[in-house]
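**Student:** Input: one structure, supplied below.
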Amino acid sequence: VLILGPTGTGKELVAAAIHYRSPNFRGPLVSVNCAAIPKELLESELFGYAKGAFTGASLAGKKGLVEEASGGTLFLDEVADLSPEAQAKLLRFLEDGEFYHVGGTRRLRASARVVSATNKDLESLVGKELFREDLYYRLAVVRVAVPTLSDRRDDILPIARYFLAEFSRKFGRAVSGFSPEAEGALLACPWEGNIRELRNVVERAVLTGKGKEVAAADLRLAPMGIGHRIPSPAGPSGPPLTPEGIDLLAVQETIEKRYMEEALRLAAGKETKASQLLGVNYHTFRYRRKKLGL
């Protein structure tokens, strides 16, 4: 299985879901980020090494992640970063379940399902001869595309609640849910950092919040969406910056409010059309309109 999607979209969560719904669910789920390990060490991490294989190697040798995942699932994140040597060994393992320790001569076997993920265009890398074509087709028997969080806004609240429960248990906090205002703020945020950003925001809110539910203020989200768009020189403008300084958020909200008023005027009061004119999600527009008192 090959999982495709931008950074932070939750590809590892998808891999875990695949594992726990597979016949191998009782076995281990072993994950490795191929981009986080130096290329000269990645091969030995994946396939292990024989004793004395290289300077500094353990005298007892070491099992690799392929062996540790036997009977379960091996998740290779950022698989596009595999070295040519590691690609060749991985291809052999996928074809017949066999591999060798680095520096070893004994043929070994393991049985593990391989799930991989990348945020890169593997087909393009194959065309540039930077990734093996035969390995690509072995990895991509089934392809799963994970869209950005902004493209699946119906998932925002369920995922946020999942993280809320996780961090409430982890930190021993009795936080029961999100306030309606907090839910509106979550839906209005564009989440450019995807699920990773959402996870961090919820974790911080659980750690720093004081109430039994997360309030909008606990999320500490700056004005998002249309508030982040820089107006053109011909558009509404704010006060000049002086040595005394300005309240940037207040200026930002003033400009945002003017744009929203103009969009509503051009759309004859229709929120759907106004949100389209501003290039933002309908839910974002409605939340910001209420927030700004329009």
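Residue 359 is where the sequence shown starts when you use this note's numbering, and the numbers rise one by one after that.
Each residue gets a CB set at the ideal place from its N, CA and C atoms; glycine is no exception.
Here the structure is a predicted model, which is why all the values come from computation and not from measurement.
#1: Out of Pro538, Ala543, Pro442 and Arg511, which has the shortest C-alpha to C-alpha gap to Leu493?
#2: I need the DSSP call for Val460, collapsed to helix, strand or coil.
#3: Below 8 Å CB to CB, which residues in the same chain sit around Phe521 once its five sequence neighbours on both sides are set aside?
#4: Suppose the cutoff is 7 Å on Cβ atoms and the five residues either side in sequence are ignored; what does the same chain contact list for Val424 look like?
#5: On the DSSP letters alone, give me the boundaries of the alpha helix (DSSP H) that Ala503 sits inside.
#6: Do Ala540 and Ala503 have their CB atoms nearer than 8 Å?
#7: So if DSSP puts Ile347 in a beta bridge, which residue, or which two residues, is it bridged to?
#8: Compare the C-beta of Ala575 with all C-beta atoms of chain D and state if any pair is closer than 8 Å.
#9: Would the beta-carbon of Ala523 fall within 8 Å of that of Ala373?
#10: Give me the Cα-Cα distance between Met582 and Ala446, rounded to the nearest whole angstrom.
#11: Shortest alpha-carbon distance to Lys549 belongs to which of Gly366, Ile361, Val359 and Ser537?
#12: For Arg647, is the classification buried or exposed, using 16 other Cβ atoms within 10 angstroms of its Cβ as the cut-off for buried?
#13: Do you know offhand how far Ala563's Cα is from Tyr378's?
#14: Sort Ile395, Leu515 and Gln610 by Cα distance to Leu507 and report the nearest one.
#15: Let me know if Val460 comes out buried or exposed under the rule of 16 or more other beta-carbons within 10 Å of its beta-carbon.
#16: With Val359 and Val500 assumed to form a contact (beta carbons below 8 Å), what rounded beta-carbon distance in angstroms separates them?
#17: Flag this pair as yes or no: are the beta carbons of Phe669 and Glu481 separated by less than 8 Å?
#18: Have a look at Leu440, Ala532, Gly368 and Ser428 and flag the residue whose alpha-carbon is nearest the alpha-carbon of Lys397.
#19: Nearest-angstrom Cα distance between Pro538 and Gly567?
#20: Here's the rule I'm using: 16 or more other beta-carbon atoms within 10 Å means buried, otherwise exposed. How should Gly637 be labelled?
#21: Taking buried to mean at least 16 other C-beta atoms within 10 Å of its own C-beta, is Asp454 buried or exposed?
**Tutor:** Reading off the structure:
#1: Checked all of Pro538, Ala543, Pro442 and Arg511; the closest Cα to Leu493 is Pro442.
#2: DSSP places Val460 in strand when its eight states are reduced to three.
#3: Annotation for Phe521: Leu556, Arg557, Val560 and Glu561 place their beta carbon closer than 8 Å to its own, counting only its chain and skipping 5 residues before and after.
#4: For Val424, same chain residues with a beta-carbon under 7 Å away, outside a window of 5 residues either side, are Leu404, Phe405, Leu432, Phe451, Phe457, Ala468 and Ala470 in chain order.
#5: For Ala503, there is no enclosing alpha helix (DSSP H); the enclosing beta strand (DSSP E) has its first and last residue at Arg501 to Ala503.
#6: It is not a contact, given that the beta carbons lie outside the stated cut-off.
#7: Outside the displayed range of the chain (359 to 652) lies residue 347, so it cannot be described from this structure.
#8: Considering every chain present, this structure includes no chain D. It has just one protein chain.
#9: No. Outside cutoff.
#10: Caution applies to Met582, whose pLDDT of 45 falls short of 50 and renders its modelled position unreliable; the value that the coordinates give is listed next. In this structure, the straight-line span from the alpha carbon of Met582 to that of Ala446 is close to 46 Å.
#11: The displayed chain sequence assigns Trp, not Lys, to residue 549. For the options Gly366, Ile361, Val359 and Ser537, the alpha carbon positioned closest to that of Trp549 is the one of Gly366.
#12: Flag for Arg647 reads buried.
#13: If I take the Cα positions, the gap works out to 29 Å.
#14: With distances taken between Cα atoms, Leu507 lies closest to Leu515.
#15: With 16 or more Cβ atoms within 10 Å of its Cβ, Val460 is classed as buried.
#16: With 8 Å as the limit, Val359 and Val500 qualify as a contact, their Cβ atoms being about 5 Å apart.
#17: The chain is shown from 359 up to 652; residue 669 falls before or after that span and cannot be answered.
#18: Across the set Leu440, Ala532, Gly368 and Ser428, the C-alpha of Leu440 shows the shortest separation from the C-alpha of Lys397.
#19: It is roughly 16 Å from the alpha-carbon of Pro538 to the alpha-carbon of Gly567.
#20: With fewer than 16 other Cβ atoms within 10 Å, it is exposed.
#21: With fewer than 16 other Cβ atoms within 10 Å, it is exposed.
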